[in-house]
Structures are given as structure tokens and as C-alpha cells.
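One line per chain: the protein sequences are A and B, in this order. Per the working numbering, the first sequence starts with residue 144, numbered consecutively. Per the working numbering, the second sequence starts with residue 420, numbered consecutively. Glycine included, every Cβ here is placed at the ideal spot set by N, Cα and C. Here the structure is a predicted model, which is why all the values come from computation and not from measurement. Encoded as C-alpha cells, the structure appears first; notes follow it.
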Amino acid sequence: MKENHIQFHQDISVQNIMEKQWYTISVYSENHVGLLNRISGIFLKRHINIESLNVSKSEIDGVSKFTIVVYVTKEWTRKIVGQIEKQIEVIKAYYHTDDETIYQESALFKIASHLLFDERQIQNIIKESNSQIVTVSREFFVLAKTGRRHEIDEMHEALEPYGIMQFVRSGRIAVTKATMPISEILQEFQEN
Amino acid sequence: METLKAQKKDSQKKKTMRISGAEAIIHCLLAEGVDLIYGYPGGAIMPVYDELYKFQDRLTHILSRHEQGATHAAQGYARVTGRVGVAMATSGPGATNLVTGLADAQIDSTPMVCITGQVPRHLLGSDAFQETDIVGISTPVTKWNYQITRVEEIPEIMAKAFYIARSGRPGPVLVDITKNAQFDELDFVYEKCTKVRSYKPVPKPEAGSLEKAAELINNAKKPFIVFGQGVILGEAEAELKAFVEKTGIPAAWTILGLSAMDTDHPLNVGMVGMHGNYGPNLLTNECDVLIAIGMRFDDRVTGNLDTYAKQAKIVHFEIDPAEINKNVKVDVAVLGDSKETLKDILPLLNENEHKDWKAEFDKKHQIEYDTLIKNDIYPTKEGLTMGEVIEQINVASEHKAVMVSDVGQHQMIACRYAKFKQSKSNITSGGLGTMGFGLPAAIGAKMGAMDREVVAIIGDGGYQMTIQELGVIFQHNVPVKIVVLNNDHLGMVRQWQELFFDKRYASTVMTNPDFVKIAEGYHIKSRRVTEREDLKEAVQEMMASKDPYFLEVKVEKEDNVFPMIPSGASVSDVRLK
Ligand SMILES: Cc1ncc(C[n+]2csc(CCOP(=O)(O)OP(=O)(O)O)c2C)c(N)n1
Ligand SMILES: [Mg+2]
């Protein structure tokens, strides 16, 4: 009976491993020119599409942070993160599911100014979507929206019928609910 | 001239000196203990060659005949000495010719530093003459690489390059240096690198992992060890031997693990993998605990993963965390340097014997011996076999020679039958399977171990991929012994065509030149053997020669290498014919 029980759980965990999911990979690294090439090569080799990529500074002086979003199985994510962490300039790499992170994307919409007056509905969209007007000129105005991917998609859908002159969406940025003790890890490197 | 040299040596004792980047590179190499490098000059690296000329009394540069040859020679040197091999080339085609050697060193974890010249900084990105993005090209095949564009970077980057190449799991590093950085001057001080902030070369074992591993091993009824090159790279041969002898566990090796343990040790049960021995392959699927030491479960070792050692608990001693659970799910991972972890686990292990279990290996060995090995090494049929040549070399070398092999049937036969007493004696291209590796690697191996015999076993196909390196052997009188096992075929591919492509021999038959005449053209003593009765004496003559020696043996054209696990099949499906 007990054995059956264990078997059951193993099956479930196997299923979890095989299931594709959204993962946010956070890579803390030295700021090194060639590193992006090395990291993207790891995905390329395995034919894994990078859904979104953001590089910025991190909470630690002189340490960069890559935020990479992929849609793959846990097994693959674990292996990729292992390969990333192996790169000389990488301090630490983590992977997290959406539940484990607080994440956002940003988007800009450039729209013809006359629509603001001709199409009443546009004003409603701006209000409901909780977006900001960044600038207005005689020809166009720019809306900025920050939020989840689906919220930006919904706003895009709503505005599309009126004509969007330009659209751009940023990569995902994320912080984790759990701590990422990079300072401690760096300390450990120093002591070794 | 003399006084200039003397002055230069004097100024070196001082802490800093004002020198060119090119000269700084030489001082970096000297500071790292390098006295031998392989390379090929050209425009973008000429300032460094000019300095090599001035420093030739302290740093020997060997002109390979192709940059690929330089990398393999550096690899051969590194593998036999355990030190970092160095190769140098110019930009563009010189640099791209290094790529195969880099890839080979990357997959076989060989410490190597490659230095390439590059067009001046102001021309970067302009499609200048012989400009190639070698840093971009070599990224996937290097452990680390870097482009130096300012002279001040030279000491720090060179120090880092050597440290990264040799530490942890070793690998190749490429440093690309723009020509302006070679000409410009700097105040030179050299400090060896001992750490890089973001890089942890040797991980610590997780708490309790040694105890967990020991418990599994102590309770095992049918434990089985498979060791790889990690033992050699970690110089853990004595620790492995102590482990094996205390526990009485049968131990097999991967092709790169060969020579880490005396091939005649009673607990050495042979090779695993596609052309490995019958017993260790079959019994992989019967052991209850599989102890993997410094090996990475390559597909040529495991065959089909879905049917690989599923019944066994797996313990993995490994320095590279990314290898854990990469191909095979393990029950206990012991991270760290094999020398340390094997030493630390020894007191936790019970003394044991596994007589009945070991007897199963002996039984399987007997089957393999009777059906295969006997006919391979003591054939009675007419044509010469590759196996009997290796056996004659064993006899003549008394198991003391370094064997360098190329890639193909002769490689598998050489690794199956060669006997070794000493570690770092088997040099072959394992992970990449690079035809053309053998001859230049043998040059490097010989120059790294002048006190040892170095015998290269090469196929007629691979020989012609780097045959130009005979020029190095001739010019520098490098006393390597070259054996070409000539079957007039790309034998290994022909074997697959016979077995899996209905004997459609597409492009595997070769009309070969007179190899003996070619060797003679390079003034290398040479001989051809076509009859069995001449073999023993010819091998003895070769081994006794103080000079380089070339021996061609005409072997059976259509022999196959067995045992064989067809690719994608299970280790249980190992075929004896
Ligand atoms: C550079 C390179 N090209 C192609 C191959 C594929 N390959 C593997 S073994 C082999 C045949 C080798 O022939 P030969 O050197 O005569 O050795 P033999 O198998 O006959 O002993 C070939 C073509 C390879 N391993 N390396
Ligand atoms: Mg051949």
C-alpha cells in the first residue's frame, strides 16, 4: 500500500517535469561584453526560443542582471540554468515559475492625435487600461502601459481597430518572492 | 646583441618594466612556466613572433604545418603533462584553423590557451584584411575567451586565461589580441591569477553526500565503478586504486579514463561504451549500485538512456555541477575534485570483496576472449589484424609507452587492446572524434614526455588529414613512432555501411599513395609490413629506433570492430558479431 502511494507521487512528479511552463530565468553576472553571446548560444544549441530578454543593472553595484523568459519543461530549464551558471562571468542563475515572481512588462503605443477627439472610445480605453499619456503633439500621442503580458495584449486589441502607428513591448522584468542572496554568494567567492 | 639580451634579463628582475605588448605576452608565458608553444605566423601576430625570435633561448616555438596541427600538438602536450598547452596563430584563416582543436579540447576538457593576432583596434568591424570575429566564432567551443584591444589589459587577461584553462574542469581559452595592443607599450608587472570573482572552479560536496554515497556503496551487493578522465585530470589515480582495492568493486573505464588504472589490475574489467568490453556493458544493467567517477555519461557510453542502468542506484563523483543529472538521473551526487572526494570517502567505506559478482565479469570476459579477442590479437586467418599490431606493440613497449590514437576502427582496437601501467598514457580524441588528431597530438605528447616512448596509431584516412605535420617531425627530429594501420578504407564508416546501409560503400574506399615514400620524402626511417611473419621484428625495430620511425601495416581491408552497441541501442544489446 505504502509503495503504491510512493509510485503515485512519482508519476505526478514525472508529469510535472515533462510539462511546459513559463519560467523566468534570472542571471546575475559580471558586466562582460561576450557574455550575452555565450548565454544566447546555450539556448540556440537546444533550439529553445527566448520569449523575452532584459539586461539591466541589479541591486548590487557592478553586477548585471539578465531576465530571460522561456516556455519549456522544468527539466530543460534546470539543465539550461546549469549550463548558464557554468559560464565564467556568471555569479548565479535562478529559475522561477510565474507564481514565484512579481513580474511586469511595459509597452508604448503611438497613436494619431486626432483619434483622441474623433473617437470617444479611446478615452475610455486609456482610463480602463490604467495607462499614461506620455506625450501629446499635433500629430500623435504616446500611451505607456505597464502590467502583465495579457493586459498589454488586451489594450493592444482594443486600440488596434483605430490604428496604432507604432507599438513596442519590453522584455519581462521580475523580482522574486524568495530572497536571492547574491551578496552572500559574492562573499563566498571571495573567501574561496 | 649579447649585452642587450643580458640587460633585458636583468630588467626582468625588477618589478615593472616598460615594454611592448608583444614582449609582454612572452613574459606572461614565461611567468606561467611555458617553455614550448606551437603556432604559425602571419600579419596580425608578427610583433609577437618578432619577440619569440628574441626569446628563442627560453621559449621554443614549433612551427606546425597547419594551425590545426598546432592545437592538437598543444593538446597532446597538455594531456601527457597535465600542464596547459599553448598554440598561437594569426588572425582570419589562422584563427579559424584553430577551431577544430578548440572544440576538441572543450569536449575533452583539455587545458589549452590559444593566442590569436587580430587587426588593429581602429579597423575592427570594417571587414579589414584577415579580420574574422574569432571571439564570436570560438565562443561555443571555449571555456572562456577575450579580445584584448588595449595593451594594459595584457598581463591581467593572460593570467586569467591560464588560471581558467587549468583550474576546475579544465578547458580551452582563446585570447585574441589586436595588433595595436602588441605594438603599444605598457609598464609591465605580472601577477598570477588565483581567483575570478564569479567563478568557482571546484564545488564543495553537499553536506552528507559522502555519507550517503558510502552507505549505498557499503550495502551494495553488485556495485560497479565506471571511471573517466576526471580521475586523470584530478590526479586521483592512487585514490581510485585505494577505493577499488578496499571495496573490491570491479571497475571499468570510459575511453578517456583509460590508463588511470593499470590495465592488468585484477579489478580492472575493461572499457564501457559502443566498442567497449562485453562484460562491463552487459553488467551495467545488472549492477545494483553504479559508481560513476569523473565521467559524464556520454551517449557513446550509455547507449539508449531509457534502458541504461535503470535497476541501479547511481552515485556520481563529479567536479562540474552541470553534469549532475544531465543525462542520467543520479541518487547521490558527490561534487568536488576527485582527488579530494575519493580520499575523503575512503575511511567511510567497508573493506569488502565481491567474488561472485566479479566472477560474472570474468565469465563474460571469457566469452569475449574466446569469440573475439583471441582472433583479434592472435589471428590465424591470412590477413593481418589491427589487434595483433597493438599486441606486438604491447610486447615491445612492456606496457610503458604513451599511445596516441586517431579516430576510427584502429582507435577502438588500440584502446581495447593497449596495455598501460602508467597514467596519462592514452591520448585520443574522445568526445569530438577528430580525425587528424593523432599525428600532431603525438608530436606534442613526445615533446612533453621526452623520456617516454610515444607511439601513434593512425588510420590511412585520418593520417592524410594532418600528414603535413611530418614536416615538424623531420625538422625537429621528434622521435615519435608512427604506425599507420592501412586498410585502404575509411574503415569505421565502411563498417557502418556494411551493417546498417546494406553494404552501399559510398565514398569509403580510398586509393592511397605510397605512404612509405612520403615518409622517405621527409627523411623519416620507414618500413611497410604486409606479412605476419615480419610484424614482430618490424615493431621491435621501430621501438628500438632512436629516431622518428614510420611503420605502415597493411591490414585486412574489411574487418569489423566488435563488440558493438549499435547507436541508440541498449547496453544490454551489445553484439559480439
Ligand atoms: C574530421 C572527421 N571527419 C569525418 C569523421 C567521420 N569518421 C569517423 S571514423 C572515419 C573513418 C576513419 O578512417 P581511417 O582513418 O582510415 O581509420 P579506420 O577506421 O579505417 O581505422 C570517419 C570518416 C571524423 N570522425 N572526423
Ligand atoms: Mg582506414
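Which word fits residue i, buried or exposed, when buried means at least 16 other C-beta atoms lie within 10 angstroms of its C-beta?
i                : result
Met982 (chain B) : Reading off the sequence shown, one finds Pro at residue 982 (chain B), where the question assumed Met. Result: buried.
Gln537 (chain B) : buried
Ala321 (chain A) : exposed
Tyr727 (chain B) : buried
Glu421 (chain B) : Caution applies to Glu421 (chain B), whose pLDDT of 47 falls short of 50 and renders its modelled position unreliable; the value that the coordinates give is listed next. Classification of Glu421 (chain B): exposed, given that the 10 Å Cβ count is below 16.
Val206 (chain A) : buried
Gly987 (chain B) : exposed
Lys611 (chain B) : exposed
Lys235 (chain A) : buried
Phe856 (chain B) : buried
Excluding the five sequence neighbours on either side, which residues of its own chain have a C-beta within less than 8 Å of the C-beta of residue i, listed in chain order?
i                : result
Glu248 (chain A) : Ser195, Thr289, Gly290, Arg291, Arg292, Ile295, Arg312, Ser313, Gly314, Arg315, Ile316
Val903 (chain B) : Ile877, Gly878, Asp879, Tyr882, Phe934, Phe969, Leu970, Glu971, Val972
Ala508 (chain B) : Gly458, Tyr459, Gly461, Ile464, Glu486, Ala489, Ala514, Asn516, Leu517, Cys533, Ile534, Thr535, Gly536
His152 (chain A) : Note that His152 (chain A) has pLDDT 38, beneath the 50 cutoff, so the model's placement of it is unreliable and no number is given.
Ser326 (chain A) : Ile203
Gln158 (chain A) : Bear in mind that the predicted position of Gln158 (chain A) carries a pLDDT of just 48, short of 50, making it too unreliable to give a figure here.
Ile444 (chain B) : Val467, Glu470, Ile534, Ile573, Met577, Ile596, Gln601
Suppose the cutoff is 7 Å on Cβ atoms and the five residues either side in sequence are ignored; what does the same chain contact list for residue i look like?
i                : result
Asp756 (chain B) : Val621, Gly653, Ile738
His480 (chain B) : Ile456, Gly458, Leu471
Ala679 (chain B) : Phe646, Val650, Ile651, Glu656, Leu659, Trp672, Ser842
Glu975 (chain B) : Gly802, Leu803, Thr804, Asn906
Arg569 (chain B) : Ala600
Provide the residue(s) that pair with residue i in DSSP beta bridges, ordered along the chain.
i                : result
Thr167 (chain A) : A:Val212, A:His239
Ala671 (chain B) : B:Val645, B:Gly689
Met831 (chain B) : Partner(s): none; Met831 (chain B) has no beta bridge.
Cys533 (chain B) : B:Ala506, B:Leu593
Val912 (chain B) : Answer is none; Val912 (chain B) lacks a bridge partner.
Leu286 (chain A) : A:Phe252, A:Ile276
Val814 (chain B) : None; Val814 (chain B) has no bridge partner.
Glu173 (chain A) : A:Val206
Ser945 (chain B) : B:Phe969
Ile710 (chain B) : B:Ile644, B:Val734
Ala626 (chain B) : In the DSSP output, where bridge partners are listed per residue, Ala626 (chain B) has none listed.
Gly458 (chain B) : B:Leu482, B:Met507
Ser824 (chain B) : B:Ile876
Got a sec: does ligand 2 put a non-hydrogen atom nearer than 7 Å to the Cβ of residue i?
i                : result
Gly878 (chain B) : yes
Gly806 (chain B) : no
Gly827 (chain B) : yes
Should residue i be listed as close to ligand 1, given that the test is whether its C-beta is under 7 Å from any heavy atom?
i                : result
His908 (chain B) : yes
Leu904 (chain B) : yes
Met884 (chain B) : yes
Gly488 (chain B) : no
Met531 (chain B) : no
Thr853 (chain B) : yes
Gly647 (chain B) : no
Val912 (chain B) : yes
Gly987 (chain B) : no
Gly695 (chain B) : no
Gly802 (chain B) : no
Gly520 (chain B) : no
Gly881 (chain B) : yes
Here's a check: name, in chain order, each residue in its chain whose Cβ is nearer than 6 Å to the Cβ of residue i, leaving out the five neighbours to either side.
i                : result
Gln230 (chain A) : Arg181
Ile438 (chain B) : Phe607
Met144 (chain A) : Unreliable placement is indicated for Met144 (chain A), whose pLDDT of 32 sits below 50; no coordinate value is reported for it.
Leu909 (chain B) : Gly880, Thr927
Ser430 (chain B) : Residue placement at Ser430 (chain B) cannot be trusted, given a pLDDT of 49 that sits under 50; what the coordinates show is reported in the next sentence. Met436, listed in sequence order.
Ile149 (chain A) : For Ile149 (chain A), the pLDDT reaches just 35, beneath the cut-off of 50, and the residue's location in the model is therefore unreliable, although a value from the coordinates is still provided. None.
Ala752 (chain B) : His735, Ile743
For a cutoff of 8 Å on Cβ pairs, would you count residue i as touching chain C?
i                : result
Asn180 (chain A) : Protein chains A and B are contained in the structure displayed, whereas chain C is not.
Exercise for review: Evaluate contact between the stretch 744-754 of chain B and the stretch 704-716 of chain B, counting only Cβ atoms and requiring at least three cross-stretch pairs below 8 Å.
Suggested key: yes
Review point. Counting Cβ pairs closer than 8 Å, one from the stretch 886-898 of chain B and one from the stretch 559-569 of chain B, do we hit at least three?
Key: no
Review point. Are at least three pairs of beta-carbons, each pair with one atom in the stretch 776-792 of chain B and one in the stretch 955-963 of chain B, less than 8 Å apart?
Key: no
Practice item. Tell me, please, whether the stretch 615-629 of chain B touches the stretch 679-694 of chain B by the rule of three or more beta-carbon pairs shorter than 8 Å. Key: no
Review point. Between the stretch 918-928 of chain B and the stretch 951-960 of chain B, do three or more beta carbon pairs fall short of 8 Å?
Key: no
Exercise for review: Count the C-beta pairs between the stretch 213-227 of chain A and the stretch 172-192 of chain A that are closer than 8 Å, then say yes if the count reaches three, no if not.
Suggested key: yes
Exercise for review: Please determine if the stretch 810-817 of chain B and the stretch 848-867 of chain B are in contact, where contact requires at least 3 C-beta pairs separated by less than 8 Å.
Suggested key: no
Practice item. Take every Cβ of the stretch 828-844 of chain B, pair it with every Cβ of the stretch 765-784 of chain B, and state whether three or more of those distances are shorter than 8 Å. Key: no
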